[in-house]
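Chemist: Note that this note's numbering has the sequence shown beginning at 178, numbered continuously upward.
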Amino acid sequence: YSYDQNGNLRTDSRKGLNFEYNHLNLSKKVTKGSTGESISYLYDATGRKLRKETAGGNRDYIGGIEYGNNGNIEFVQTEEGRAVNTGGTYSYEYMLKDHLGNTRAVVKQDGSILQTPDYYAFGMELNRNRLTPSPDNRYKYNGKELQTGLAIGQYDYGARFYDAVIGRWDVADPLAEKYHIISPYAYVANNPAIAYDVDGRKIIYVNGFFSRLLNLGGFAPGAAKEEYWNFFSPTFITSSRQFMGATNSELNEFIDGSSYVGIDQDAGDRYERGMQYAMENYDDLIKGMKKGETFKFVSHSEGGGFAAGMAAYLISKGQTVENMLYLSPDEVDDKFSSPIETFSIQSHFQGDGISPSKRLEGVDVYMNFSTLNGKKPGFGGNHGATVTTANIKKIKDVMAKFGPDAKKILSNGRWTVTETKNGYTFKREKEKEDED
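1) Of the residues I380, E197, Y318 and V284, which one's Cα is nearest the Cα of M501?
2) Enumerate, from N- to C-terminal direction, the unbroken beta strand (DSSP E) stretches of 3 or more residues contained entirely within the segment 479 to 522.
3) Around the Cβ of S211, are there at least 16 other Cβ atoms within 10 angstroms (buried) or fewer (exposed)?
4) Under 6 Å Cβ to Cβ from F408, same chain only, skipping five residues before and after it: list those, please.
5) If you measure between the beta carbons of M544 and I522, is that distance less than 8 Å?
6) For the structure I just gave you, are there three or more beta carbon pairs, one from the segment 222 to 237 and one from the segment 265 to 281, closer than 8 Å?
7) With DSSP as the reference, identify every bridge partner of L549, one or two as the case may be.
8) Return the chain-ordered list of same chain residues with a C-beta closer than 7 Å to the C-beta of A489, the five sequence neighbours on each side being excluded.
9) Give the secondary structure of H560 by DSSP, where H, G and I count as helix, E and B as strand, and everything else as coil.
10) How many angstroms separate the CA atom of T497 from the CA atom of F431?
11) On the DSSP bridge list, what partners appear for D237?
12) Just to confirm my understanding: we take Q419, look at its own chain, exclude 5 residues before and 5 after, and list those with CB closer than 6 Å. What are they?
13) Checking the sheet assignment: what are the DSSP bridge partners for V284?
14) Can you tell me which of the three DSSP states Q453 falls into?
15) What alpha helix (DSSP H) runs, 4 residues minimum, are completely inside the segment 408 to 435?
16) So, M272 versus G288, is the Cβ gap smaller than 8 Å?
17) Buried or exposed for R337, going by 16 or more other Cβ atoms inside 10 Å?
18) For K464, write down the residues that DSSP places opposite it in a beta bridge.
19) If you follow the alpha helix (DSSP H) that L587 is part of, which residue opens it and which one closes it?
20) Spell out the partners DSSP gives E197 in its beta bridges.
21) Can you tell me the Cα-Cα spacing of E610 and F579, whole angstroms?
22) Between the Cα of N202 and the Cα atoms of L219, F546 and A583, which residue gives the shortest distance?
23) Which residues in the same chain as S417 place their Cβ atom closer than 6 Å to its Cβ, once the five residues preceding and following it in sequence are excluded?
24) Contact check, F513 vs A455 under 8 Å by CB: the rounded distance?
25) Can you name, in chain order, every residue of its own chain whose Cβ lies under 6 Å from the Cβ of V383, other than the five neighbours on each side?
26) I'd like to check one pair, T412 with T566: are the Cβ atoms closer than 8 Å?
27) Which of helix, strand or coil does DSSP assign to T566?
28) In whole angstroms, what separates the C-alpha of E214 from that of G245?
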């Protein structure tokens, strides 16, 4: 592989392809070196693809409508699939997708199956010679369009192309300098089992209680927002972003969910404050986001109720909250609950003297740990131990035990994971406990 000065893939010797880009770093032309054949792409001023030109003909894209080489509508995309044009008569095809937006089956109105693609974790297709509808459905992994001409074999995500064979983007992430621990070409921080890439999403961090006075003795964070998280672990923000599957282009937003003196508000009050905040700042929260783009939340202690309130309001407005991570949430006794529409994980340490370990209503997975780096954190340390890279690693290790479909499995039921001296126990609501 070789790259231009902007970090864009220029040559792929494995496939014998040469790439050219426009001023927006979008693929402008792909040429097969051995034959001179090429594919050209035309975009509007905002970077939206309008046309694909090949020796065999052109394809035009007008919103969700695609026109074939003869200038006629080939199909119209809808929320559930597509309507295919056959001589002026439209027939409906449904696309059944998994939790990552991958098309797993294309089904006709009469129930007959037209296509059943399978994928490796990073998107390379299995069983490529299985059923193929006519016209061919190219919207497969993550629901993105596969570029089939010249055997490019890459998916168009709008902002850049993705090579599912090697699990890497063709174009460097524009915010790579802010997240140096992650490769600028890495797909969803190398965590494709629980996340998929959508440009422009936001990951929101809601902090808990802070006190400048207590901070003088090193007992609590002395400030809100980003400084709050760095108090516990300077690497936590980076490691939590990786776990949540945040891309480098996915922006951090830090929000203060602290009470004033620690006893003036309960979790129910903070839940209402979160809803109020989201309502008053709704336009700013969704600014720059497009249809289908999502939110994620990471919260600690008092921030749990605030984050849940924000998420509830965003969902009520039709926004999608993809994942929520609650770290040592405070006062979970019937004061608030996690939105059932969102996949959520709660992490707590046994013996937490500030926020006793108890399951938050509505969470999909409740992880109750006892040790960190092989030791018990202690009465006071248990509360902040969740805001560490070491704890993120424990959560990832637990998720890994469920395999590549962890999120899908854990979404179907309420799971409790408890750390014992013999390992972990896994219990699903109304089911027997199995020991790891």
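Backbone N, C-alpha and C define an ideal beta-carbon position, used for all residues, glycine too.
Modeler: Judging by the given coordinates:
1) Looking up residue 501 in the sequence shown gives position 324. Distances from the CA of M501 to each of I380, E197, Y318 and V284 were compared; the closest alpha carbon is that of I380.
2) If only complete runs of 3 or more residues are kept, the segment 479 to 522 shows the beta strand (DSSP E) at 497 to 504, in order along the chain.
3) Mapped onto the sequence shown, residue 211 falls at position 34. S211 is exposed by the Cβ-count criterion.
4) Residue numbering aside, residue 408 sits at position 231 when the sequence shown is read from its first letter. Answer for F408: P398, listed in chain order.
5) Position 367 of the sequence shown holds residue 544. Position 345 of the sequence shown holds residue 522. Their beta carbons are under 8 Å apart, which means M544 touches I522 by this criterion.
6) In this structure the segment 222 to 237 does not touch the segment 265 to 281; the number of beta carbon pairs closer than 8 Å is below three.
7) Stepping through the sequence shown from its first residue, residue 549 is reached at position 372. According to DSSP, which records beta bridges pairwise, L549 is partnered with K552.
8) Numbered from its first residue, the sequence shown carries residue 489 at position 312. Counting only Cβ-Cβ distances below 7 Å, and skipping sequence neighbours, we find M452 and P516.
9) Residue numbering aside, residue 560 sits at position 383 when the sequence shown is read from its first letter. DSSP places H560 in helix when its eight states are reduced to three.
10) As a working note, residue 497 is residue 320 in the sequence shown. As a working note, residue 431 is residue 254 in the sequence shown. So the two alpha carbons sit approximately 19 Å from each other.
11) Looking up residue 237 in the sequence shown gives position 60. D237 is bridged to R228 and Y244.
12) Here residue 419 is taken as the residue at index 242 of the sequence shown, counted from 1. Counting only residues of its own chain and dropping the five nearest sequence neighbours on each side, Q419 has a CB closer than 6 Å to the CB of A366.
13) Numbered from 1 along the sequence shown, position 107 holds the residue referred to as residue 284. DSSP, once it has assigned bridges, lists Y271 and I290 as partnering V284.
14) Position 276 of the sequence shown, counting from 1, holds the residue named residue 453. In this structure, Q453 counts as helix in the three-state DSSP scheme.
15) With a minimum length of 4 residues, the continuous alpha helix (DSSP H) runs that stay inside the segment 408 to 435 are 413 to 420.
16) Locating residue 272 in the sequence shown gives position 95, counting from the first residue. Locating residue 288 in the sequence shown gives position 111, counting from the first residue. No. Outside cutoff.
17) Here the question's residue 337 lines up with position 160 in the sequence shown. With 16 or more other Cβ atoms within 10 Å, it is buried.
18) Here residue 464 is taken as the residue at index 287 of the sequence shown, counted from 1. Answer is none; K464 lacks a bridge partner.
19) By one-based count along the sequence shown, residue 587 stands at place 410. Unbroken alpha helix (DSSP H) run through L587: A583 to S588.
20) Working through the sequence shown from its first residue, we reach residue 197 at position 20. K206, per the DSSP bridge assignment.
21) Sequence index remark: in the sequence shown, residue 610 carries index 433 (1-based). Sequence index remark: in the sequence shown, residue 579 carries index 402 (1-based). Bear in mind that the predicted position of E610 carries a pLDDT of just 44, short of 50, making it unreliable; the figure below should be weighed with that in mind. Cα to Cα, the separation comes out at about 15 Å.
22) By 1-based counting over the sequence shown, the position of residue 202 is 25. The candidate whose alpha carbon is nearest that of N202 is L219.
23) As a working mapping, residue 417 is identified with position 240 in the sequence shown. Around S417: V475 and I569.
24) Taking the first residue of the sequence shown as position 1, residue 513 is located at position 336. Taking the first residue of the sequence shown as position 1, residue 455 is located at position 278. In fact, because the Cβ distance is near 14 Å, the residues do not count as touching under 8 Å.
25) As a first step, residue 383 is located in the sequence shown; it is residue number 206 there, counting from the start. Once the five neighbours on either side are set aside, the close Cβ partners of V383 are I432, G434, S476, G480, F483 and A484.
26) As a working note, residue 566 is residue 389 in the sequence shown. As a working note, residue 412 is residue 235 in the sequence shown. The answer is yes: Cβ separation under 8 Å.
27) Taking the first residue of the sequence shown as position 1, residue 566 is located at position 389. In this structure, T566 counts as helix in the three-state DSSP scheme.
28) Along the sequence shown, one-based indexing puts residue 214 at 37. Along the sequence shown, one-based indexing puts residue 245 at 68. Going by the C-alpha atoms only, they are around 20 Å apart.
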